[in-house]
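Take a look at the structure set out below.
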Amino acid sequence: MELTLLPKRKRTHYCGEPGLEDVGKEVVLMGWVHRRRDHGGLIFIDLRDRTGIIQVVFSEDIDPEAHKLAHRLRSEYVVCVVGKLRRRPEGTENPNIPTGEVEVEGHELYILNTSQTPPFPIEDEVNVAEEVKLKYRYLDIRRPRMFRNLLIRHKAALSVRKYMDEQGFLEIETPVLTKSTPEGARDFLIPSRLHPGKFYAMPQSPQLFKQMLMIAGIDKYFQIVKCYRDEDLRADRQPEFTQIDIEMSFADRDDVFAVVEGLLERMFKETIGVEIETPFPRYTYQEVMDRFGSDKPDTRFGMELCDVSDIVADSEFRVFTEVLKKGGQVKGLVAPGCAKLSRSQIEELTEFVKIFKAKGLAWMRVTPDGVDSPIKKFFPEGTINALLERMKPNPGDMLFFIADQPKIVADALGNLRLRLGRELGLIDENRLDFLWVVDFPLFQWNEEENRWESEHHPFTAPNYEDLHLLDEDPGKVRSQSYDLVINGMEIGSGSVRIHDTELQRKIFRILNLSEEEIQLRFGFFLEALKYGAPPHAGIALGFDRLVMIMAGGQSLRDVIPFPKTQRGICLVTGAPSEVTEEQLKELHIKVDLEEK
RNA sequence: GGGCUCGUGGUGUAGCCUGGCCUAACACGCCGGCCUGUCGAGCCGGAGAUCGCGGGUUCAAAUCCCGUCGAGCCCGCCA
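Residue 263 is where the first sequence starts when you use the numbering used here, and the numbers rise one by one after that.
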């Protein structure tokens, strides 16, 4: 095949651009052969680039040489076409593509490169195994949908930089090779060649650096920054991901909220043309746990949880009463129209709630003449009536109940709510529900390690009204942290930070860190706090997740050009991979693999 | 660490439950030929699969069993 290595002409248009106004002009196009329709004497080529598709016609009449060469074109060949733009003959217009009223007479054709037959067609709505798409990611990205997603990503980042700049924030880079500070996610480690036996860590977030930038007087900082966490993957979790990291001095929670609300308003407008409503509603942690069984509630539909502990307390149903005696609770929800569920469907839901440690799922069908349930006999009529009165079901609905410790009830019933909401089609996919969750507890008790841990992170300031509780009842202390939630997904998390050395020390001690550990891990930071640290607050927003929401994707992989598989492998490069003995030796590393 | 779903020509599926009629079917793609208005072009012809891998059961395995690898979703984990 005769290739033209260097096109002799400069591109005049992208494939998606020419229209009726360009008819008569000579155009020079570069692109990939999307499809070839070879009629023998007449050949149609759909030429594609990132902007779209345009039809090129080759024939004896137009140019015999180009026509002859066009027979050799195949899918994904890279070509340069020079030709005159003309209006398509009447009746042959294609209303399905933006350039469908015109076509290019193929006067000159240069084949810039050939291509193997692609493993899958370059089209949206391809039904191909994730494995294949990820291995040939560069072909996957040729699909218009993927390109659009990356374009959205680009526009979103641009919008962030413009807005933050206008608000007086400086984008400042922080190190990628940094210090391991356990507490939190597992670190990715990097061995040091110059310091045998020592390691850098990749940042889980630039948390301490941005706080030190506040101490440095930067005042308003932001960064679109990669973060790394060596934990298992999910549809919404990749080991390396991007945050919009923000920190501001002399600011409180409301200042942060105002900046973020303005930022998102601007981003959604400029990126996908959607107007969002600000300010976002605020919920306390306690409220969302009670009502939705989740600290990141999806408020696009109702079906809220209902505490019925007091009503069922004096029933004969042991499953409920025993749990209540042990300090547990009984909560339920109304599943609209679900009285018609079969035994096996209920069984499936029971299996589902067991994933979240619930021991079972009690149910009552609501019929026009009362309730129908295997456990009905344990409840006096008054109790049933009280349940109906509180939960307010309609005939045809189903009541589901879970009895257990509060955390399990919230988890199981909250997830049941989400599943039913999805399966019953109660979620309006066009809706965007932004909300803040505030007043998180400062600590949570770690059963296994028998100690308090930070709910957010150890640099989060306690609610100053609760300071007196730090010693007597740490579990009751509220923090000045906050989460941003969109459509039931955690999008951001931040807090007012501790800027006082003594308070910071105290928190470390409650977390059961010895003086020695504190010094070893965070000594440098405590030292920094001593030199006039201003009060400051900040937040980090999950950029990939935001882009995913704007792009309407189901997985983070949809908006990351080269993502990892669920087992953390990059299928394009094959990373992670083994390295040579020499490399290991230089790093003073011996690999100790278990024999299989 | 655990649970569930999936793995059959290049791609997507059928066949698997109920083993033999499978010499593995279909669509798209691919290769060759014909073809001047197609745009999922059409028509004719053709190539292409040790049914992810290993072991077992059986006269006989794509099909049943065990193990293993890979992809996905979830639990744990993710300050």
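Ideal Cβ positions, reconstructed from N, Cα and C, are used throughout, including at glycine.
My guess is that residue i and residue j are in contact by the Cβ rule of under 8 Å, so how many angstroms apart are they, rounded?
i    : j    : result
I861 : P720 : The question about residue 861 has no answer, for the chain in this structure spans 263 to 858.
V318 : I307 : 4 Å
V628 : A601 : 6 Å
R298 : I305 : 7 Å
F484 : F431 : 4 Å
L623 : I573 : Going by Cβ atoms, the distance from L623 to I573 rounds to 18 Å, so no, they are not a contact pair.
T361 : G278 : 6 Å
A575 : A620 : No, A575 and A620 are not in contact; Cβ-Cβ is about 19 Å, not under 8 Å.
D557 : V550 : 6 Å
P796 : H850 : 42 Å between Cβ atoms; not a contact.
C568 : M626 : Not quite, the Cβ-Cβ distance comes to about 13 Å (not below 8 Å), so this is no contact.
I753 : R807 : 5 Å
Hey, would you say residue i sits closer than 8 Å to residue j, going by beta carbons?
i    : j    : result
Q706 : T722 : no
F461 : P468 : no
A799 : V739 : no
G564 : G676 : no
V522 : I801 : yes
A419 : G368 : no
G756 : D659 : no
E393 : L833 : yes
V747 : R544 : no
V438 : M464 : yes
Q466 : E509 : no
G541 : F519 : Contrary to the premise, residue 541 reads as Pro rather than Gly in this sequence. Contact flag set, yes.
V366 : R350 : no
S577 : F662 : no
M812 : F530 : yes
D492 : F450 : yes
I316 : P280 : yes
Q863 : F805 : Lying outside 263 to 858, the shown extent of the chain, residue 863 is not represented and no answer is given.
L291 : L374 : no
I617 : V633 : no
Q285 : L347 : At residue 285 the sequence reads Val, which differs from the Gln that was named. Closer than 8 Å, so yes.
DSSP has residue i in a bridge; who is on the other side?
i    : result
E389 : Checking the sequence, you will find Asn at residue 389 rather than Glu. For N389, which the question treats as bridged, DSSP gives no partner whatsoever.
V341 : G293, I373
C489 : F503
Q828 : None, per the DSSP bridge assignment.
Q317 : D308
I508 : F484, I801
R299 : F306
E288 : K346
I748 : F696, M751
Look up residue i in the DSSP assignment and say whether it is helix, strand or coil.
i    : result
K639 : helix
T583 : helix
G683 : helix
Y726 : helix
I801 : strand
Y547 : helix
F702 : coil
K858 : For K858, the predicted structure reports a pLDDT of 41, less than 50, and the residue's modelled location is therefore unreliable. A value from the coordinates is still provided. Correct three-state label for K858: coil.
E352 : coil
I403 : coil
S606 : helix
L439 : coil
T361 : coil
L688 : coil
N656 : coil
F614 : helix
E568 : Checking the displayed sequence, the identity of residue 568 turns out to be Cys instead of Glu. Strand, per DSSP.
K460 : coil
I664 : strand
I780 : helix
V518 : helix
T629 : strand
L265 : coil
Go ahead and label residue i buried or exposed: buried means 16 or more other beta carbons lie within 10 angstroms of its beta carbon, across all protein chains shown.
i    : result
E691 : exposed
K593 : buried
E609 : exposed
D507 : buried
S606 : exposed
N411 : buried
K858 : For K858, the predicted model reports a pLDDT of 41, less than 50, meaning its position is unreliable; a value from the coordinates is still stated below. Exposed, by the Cβ-count rule.
G535 : exposed
T379 : exposed
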